[in-house]
Each structure stands twice: as C-alpha cells, then as structure tokens.
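Undergrad: Below is the structure I would like to discuss, written out as structure tokens.
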Ligand code: G6P
C-alpha cells in the first residue's frame, strides 16, 4: 500500500505530483505529503487525511520547483498523524524520502543510529531509512546514489523509495524491492516515477518497470542510469503503455465503484475478446498455451489469492472440478505461504490478483515456485509484479479498477477461470462437444445478461433504502452461489461498515440461525439450478424465525416469490456461469446502502486497494 509519485524536469513539479497522488489514493489515504526543491531549499508539506486535506492545507502558498516527491499513506508503523506522514527528512533537513513498504530490521538500525546521536521525530521505519542514508552519505563521504546503495544492502524488508537531496536538485534516486515502482520517460531528460502507471500516462507512454534491487538514477543532465544494489549496470527495458486516460476517470458517474459495476458488460466482453471464438467453436488462451499439456495432466491445482480474488478462486474450484475434473484447493495466500504446504513438482498453482502486487499472494507464489511448482497468474494490471513473477498467465483485461471494493475485476477473473476450465475440460475430454458448444454460446451471452441485471438498479436502490440502517446482514448461497454469498457480504462490510457474513445456506443451521429474528436481513441467492429446492428449504427455515428475505431468483420464479420479502429477478443462466450474473445485484445493493449511509464508497476507511504489506 501507499502510493508514491516523483517528478524531475522543466515543469512545475507540485501540480504533477498532486494529480498523481489523487490517482494513487486508492493505495492508502491515511495521510499525504509532498517535498519540493526550489532554489536549493527543500520544502515539505504533509497532513493527516486525504490528498484534498493536504491541498487545502497548502492552499494560498505558492509551491515552486521542478523536482519533487509525493506520498499517500496507508499506515503500518505509527499512527496516521502529520508527523508520521511522508516525506520524511534527515535530521539536518537535507535529504527527503518517500517509501512504500516495510523495513523489518528498522529497530536494529535505529538503535545503531541512536548511539551515533541521531534523534527521531516520528515512529516510522521510513525515517530510520532516510537518517541512515544521510549518516552513510556523511560518514563515507559518498554520493546520494552510493549512500542509498550501501543502505539498501543493509536493510531487510520491502521498499519502493525515491530520495532527493537539496544540495543536488538535478537528481532523483529511486529503488525497489517487492513494492512496485514505474519510471516514466519523457522528452529531454524529463522523468516521472510512480507506484503504478496511472499518474504517468498523460505525459508519456514510455515506461520502465523497475525490478527488485534495482536503483534508478534520474538526472536532468545525464539522463537515466540503472544499476543494482551490487553496483552492476542494468539494461532498462522500455515498455509502451496502452492504457487510455478515460479509463481512469469517473466518466460522469458519482463514484468509480458505480462506473466499474456498469462497465462489466464491456469488461467481461473484453476479457473474452480474441479468446472465445463462437464461429470456430473454440477457446484459446494464448498466455497459457505452452502449459496446456501440463494443465490437462495436472493431478491437482492450487489456487491462491486474497480478498475478492480469493472468492473468484472459489468459483474456479467449482469450475475446474466440474468441467475439467481436476481436484482444486483454494488457499488464502497469507496462510499458504507460512503453512509449509506439500507441493509437488507437477503441481500447478494459479495466483489470482487484480493489482498483481498483493504481498501475500506474491510471497505465496515465490514459495511455491521454489518448490518446483508451475505458477500461472490471473492478473488485471499489465506488467505488475505477480504477472512478471509467474511462469505464464492470462490477463483479465478489465481495465483499471480504482474503487477500492473490487467489482469488475471479480467478474473478469471468473471469466478467465471459466475459459481456462472449458479449454482444459474440452481438450481433456471431460466435457462433450455438445456441452462445450452450449457453454460457449451461453458464455458469449453473459455480457448482455449482465446489462439486463444492471437494469435492476432502481429496484435495488429501493431495497437499500429499507435496509440501510440494519446493523447486520447474512448472505446465503449454495454450490456456485456460495462464493457469491461470501463476495456479497464482503462488499457490504467493506463499504458500508455493516457487519455481514456469507455462509453456505445449509451451514446456517450450525450457528448463524441463532442470530435470526425479525431484524435480520438475509440475502439468499436462489437462482434455478440443481440445488434450488434445497435453498428453498433454507429460506423456509429463515422465514420460520421471522428473518427478512431478500432473494435473488431466476426470472419467472414463483416459489421463492411466495416466501420472500423482496425478490430480485436475474436473467436465466446455466449453473456454472451464474456467479457472473448473481453477483451484480449484490454489488449494487452494497453500493446503494453505502451511499445512503453517507460512506466514502471509493475509499472506505482503513482499506487500501493494493495491499503490498503482509
Ligand atoms: C484488498 C482490496 C480487495 C482485493 C484484495 C486482493 O483487500 O481491497 O478489493 O480483493 O486486496 O487484492 P488483489 O489485487 O490481489 O486482487
């Protein structure tokens, strides 16, 4: 988490940095700060709260300078206060740093610095880092680059850092390990740095994704030099960005989350484009073609992910087992990485991550890789660390997702998993030609059915008005709809701060049923499928205890309508594809409830979109 931005060139740095920080605010919004060098003076402004609070705090002051750094924070060490906000300065005020990550051995370094007489203003690991760099610069009498290099050889942990020195306003020094950092290369030695490419795209399409332990020296006279922490020269590989500016703007919607919910017919279509060929009756996921044989012969697959991506993984489990008859385990990356799991060399691990930067997921795949497994990735952000660390994979092509609560990434992840399971099941012969063809046709119709489900918006808003003040909610589903129940509950708690739990409908009897009374809204996904009658029985059990039923049903349903307090009718769809439709009303329900409660939908408290700390 934390977003970092930096600029060096001929323009005013401040507006570029502020705009960049707004784009990166999804990464954390506990505090924000900037440091700019002008006329050999280093000025720092930082404030607890959001980028807007910082801008307000600075308003009225003219901030000039053509080199600067900025940071938006998700607090790890120390409270979200003004003092703990980045940038942090060396004690003599000469060097400023921004940092995304965690320095694990900061205490040991701090003790050493204390014995050398350093004093500290904040509780952060980052202040220790900048003081250490300055100490080395002074004691060894070396350049800023060399001081950073020496220090990075001593630290344990994760970092993406940018450092500036007021006595050398011609250089930015940047480095990364585990946390992401992108360099944007403009004309005439103009450079941009950011945690992802979104702050950069309006200035240049040429970017370099820094690799772990690389240090970039960005100099307004000498250009771009890339080294590693062992002081070896590195070759920067320039990538062209294909992202469009409109994709990261709200486009008339009140919130990014709503825009992203409404983008799903398109994002799911984009995800299938060039992969599902109805005319030929084929699926081809180019990214994994090399590993097709391995998948066909796989004795088991482990899916690892966090949050919403983990829920998509659960849907993947049902899909792979149903269609391709491969046993699947779905693992929370944070547990998997530390559990000493049994991994065989012929295992396939699929990592799912919207951002491609989640620290636990990244660590899980590194661990599985070290044990010889084949690692495939399903990521949304092109060029992200997980996408680069995996042996192969398929991008979801959902476009930038900015709302912290994930929506279109989920449906795109499920779409990729469906395509994978179908491709492998078909090649393996575990589904018949006719079933394969039928599913292709159904899959191709999914974007239109999502559009139809989105037409339920007004009805869902009305239901939201009724339940917005209820403090709890239970979400129930069975089979393919169980992960959807989990995802619905997660959406509600994330953005509206209402306590919500998702359960397999039948499990309700083993505990949650004790919570049911007339004040408990129970959202049941009761779409038509093999388990429909069973879910109807579960609804009756809730009704018998006076719970309020909000049921998601297949259009034309009469049985549940007779029992439920509210029914939301979604288009009919074959069982295996139902999560792609049934999740839509749940996304809308949580969105409207959160808006009605006055919550900050796009930036819910305490959360961040890209969790780069474990
Ligand atoms: C955070 C986000 C979630 C996301 C999860 C995993 O918690 O708020 O929306 O599902 O991280 O992120 P990833 O980028 O790996 O999918």
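Residue numbers (my numbering): -11 to 602. Backbone N, C-alpha and C fix where the C-beta goes; we use that ideal spot for every residue, glycine too.
#1: Could you please give me the residues that DSSP links to residue 320 through a beta bridge?
#2: Taking only heavy atoms of the ligand G6P into account, decide whether any of them is closer than 7 angstroms to the Cβ of residue -10.
#3: Thinking C-alpha only, which one of 322, 337, 462, 56 is nearest residue 305?
#4: Among the candidates 179, 368, 596, 434, whose CA atom is the shortest distance from the CA of residue 559?
#5: Can you check which of these residues, 383, 267, 301, is closest to residue 255 by C-alpha distance?
#6: Hey, is the stretch 327 to 344 in contact with the stretch 374 to 388, meaning 3+ C-beta pairs nearer than 8 angstroms?
#7: For the ligand G6P, is there any heavy atom lying closer than 7 angstroms to the beta carbon of residue 630?
#8: With DSSP run on the structure shown, which of helix, strand or coil describes residue 194?
#9: Verify the contact flag: residue 481, CB atom, against every heavy atom of the ligand G6P, threshold strictly below 7 angstroms.
#10: Leaving out five residues on either side along the sequence, give the residues of the same chain with a beta carbon under 7 angstroms from the beta carbon of residue 228.
#11: Whole angstroms are fine: how far does the CA of residue 9 sit from the CA of residue 148?
#12: Three or more beta-carbon pairs under 8 angstroms between the stretch 313 to 330 and the stretch 361 to 375, yes or no?
#13: Does the stretch 171 to 190 touch the stretch 199 to 207, meaning 3 or more C-beta pairs lie closer than 8 angstroms?
#14: For the candidate residues 550, 501, 120, whose alpha-carbon lies nearest to that of residue 103?
#15: Which whole-angstrom value is the C-beta distance of residue 464 and residue 473, which I expect to be below 8 angstroms?
#16: Helix or strand or just coil, what does DSSP make of residue 29?
#17: My output table needs one value for residue 179: the three-state DSSP class, helix, strand or coil.
#18: Is the beta carbon of residue 6 less than 8 angstroms from the beta carbon of residue 58?
#19: Is residue 396 near the ligand G6P, with its Cβ less than 7 angstroms from a heavy atom?
#20: For residue 476 and residue 574, which I take to be in contact (beta-carbon distance under 8 angstroms), what is that distance rounded to the nearest angstrom?
#21: Secondary structure at residue 204, three-state DSSP: helix, strand or coil?
#22: So the candidates are 441, 283, 277, 259; which of them puts its Cα closest to the Cα of residue 369?
#23: Does the count of Cβ pairs from the stretch 389 to 398 and the stretch 218 to 233 closer than 8 angstroms reach three?
#24: In whole angstroms, what separates the C-alpha of residue 453 from that of residue 531?
#25: Mapping DSSP to helix, strand and coil, what is residue 121?
#26: Quick one: give me the first and last residue of the alpha helix (DSSP H) that residue 477 is part of.
#27: Suppose contacts are defined by Cβ-Cβ distances below 8 angstroms. Is residue 462 in contact with residue 519 by that definition?
#28: According to the neighbour-count rule (16 or more other Cβ atoms, all chains shown, within 10 Å of its Cβ), is residue 407 buried or exposed?
#29: Can you list, in chain order, the residues of its chain with a C-beta nearer than 6 angstroms to that of residue 12? Leave out the 5 residues immediately preceding and following it.
#30: Report buried or exposed for residue 253, applying the criterion of at least 16 other Cβ atoms within 10 angstroms of its Cβ.
#31: Residue 27 to residue 577, Cα distance in whole Å?
#32: With three or more C-beta pairs closer than 8 angstroms as the rule, is the stretch 272 to 281 touching the stretch 419 to 428?
#33: Within its chain, find whatever has a CB closer than 8 angstroms to the CB of residue 239; leave out the 5 residues flanking it on each side and keep chain order.
#34: State the Cα-Cα distance for the pair residue 65 and residue 486, rounded to the nearest angstrom.
#35: State the CB to CB distance for the pair residue 250 and residue 442, rounded to an integer number of angstroms; the pair is presumed to be in contact (CB under 8 angstroms).
#36: DSSP three-state call for residue 150: helix, strand or coil?
TA: According to the structure data:
#1: 293
#2: no
#3: 337
#4: 434
#5: 383
#6: yes
#7: The requested residue 630 is not part of the displayed model; the chain covers only -11 to 602.
#8: strand
#9: no
#10: 193, 194
#11: 15 angstroms
#12: no
#13: yes
#14: 120
#15: 6 angstroms
#16: strand
#17: strand
#18: yes
#19: no
#20: 3 angstroms
#21: strand
#22: 259
#23: no
#24: 21 angstroms
#25: helix
#26: 469 to 484
#27: no
#28: buried
#29: -9, 60, 183
#30: buried
#31: 53 angstroms
#32: no
#33: 247
#34: 27 angstroms
#35: 6 angstroms
#36: strand
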